[in-house]
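Residue numbers (this note's numbering): 326 to 533. We put the CB at the ideal spot given by N, CA and C, even for glycine.
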C-alpha cells in the first residue's frame, strides 16, 4: 500500500507544533541523585584568639612528700624607717650619763622655740636664728618644738599633696646641715614631759 503524502496544510501544522515543543529532561533515578554536601564548619565555631595573645600559663603544682613539710612563704614589706627610728639608732656623741638623764626628761632645756604652725620657709629661718643665738650665748640644751603633724581625719584639701608632719621630718636635716651642723652635738626626740615625738632635744657643742 503506497504511503500518502502530507498536504501543504498538514505539513505547515506539523512544523508549527514542532517549533512550539520543548525538550523534557529525564528525572534521574532516586539512587543516582546527588546527596547534599555537609557543611564543613561546626555549628558553634570556637572563638578566635586575638593576634599576639598568649595562653595563660598553668599554675605550678606543689608536690608534697611524706615526712617533709613545705614552709609557707611570707611577704615582707620594705618600709622606710621613721624619723624616730633613725634618731634612735644614731650613736651617742655626748656623755652617756648625761644623755640618759636628758632622754629621761630630767634635764630642763635652757631655751625653746615653737615652730608649729609656721611654713617651711619661716620655720627654717627661725630655727637658724634661734640656734645661732643659743650657741653664741653658750647654751647647751635647747628644745625645738615641731608638732607631730596632722592626725588621722584632720587632712585638709590642698592643690598639691602635703606630707603630714613636714617640719618634724625637715628639722633634723636642717640641724645636721650647714650652717647649724657644726654647732649641734646631739639630737634626740624629747621626753613626753617636754612634748614627746613632737619636739627635739638639741644638745649644742661648747663655744670655742
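Separation of residue j from residue i, as counted between CA atoms
i: residue 413; j: residue 513; result: 7 Å
i: residue 445; j: residue 435; result: 25 Å
i: residue 505; j: residue 520; result: 22 Å
i: residue 452; j: residue 497; result: 11 Å
i: residue 442; j: residue 472; result: 8 Å
i: residue 462; j: residue 533; result: 12 Å
i: residue 499; j: residue 456; result: 11 Å
i: residue 433; j: residue 447; result: 26 Å
i: residue 337; j: residue 345; result: 13 Å
i: residue 423; j: residue 526; result: 12 Å
i: residue 482; j: residue 421; result: Note on residue 482: pLDDT 42, under 50, position unreliable in the model; the coordinate value appears next. In a straight line, the C-alpha of residue 482 is about 45 Å away from that of residue 421.
When the options are compared against residue i, the one with the closest alpha-carbon
i: residue 539; options: 520, 432 and 418; result: Because the chain is modelled from 326 through 533, residue 539 falls outside the range shown and cannot be assessed.
i: residue 529; options: 432, 335, 464 and 336; result: 464
i: residue 407; options: 531, 510 and 522; result: 522
i: residue 438; options: 345, 429, 337 and 524; result: 524
i: residue 503; options: 491, 415 and 454; result: 454
i: residue 501; options: 342, 331 and 415; result: 415
i: residue 490; options: 458, 460, 440 and 459; result: 440
Neighbourhood of residue i by C-beta, 8 Å cutoff - its chain only, sequence neighbours within 5 removed
i: residue 333; result: none
i: residue 277; result: Residue coverage of the chain in this structure runs from 326 to 533, which leaves residue 277 outside it and unanswerable.
i: residue 429; result: 516
i: residue 409; result: 514 and 522
Beta-carbon contacts of residue i that lie in its chain and below 6 Å, excluding the five residues immediately before and after
i: residue 510; result: 418, 419, 528 and 530
i: residue 426; result: 432
i: residue 459; result: 436 and 467
i: residue 492; result: 440, 448 and 471
Any non-hydrogen atom of the ligand SAM within 7 Å of residue i CB
i: residue 444; result: No copy of the ligand SAM occurs in the structure displayed, which carries no ligand at all.
- Query: Is there contact here, the region 449-468 with the region 501-520, by at least three beta-carbon pairs under 8 Å?
  - Reply: yes
- Ignoring anything shorter than 3 residues or poking outside the region 391-471, list the beta strand (DSSP E) runs there in chain order. 436-439 and 466-470
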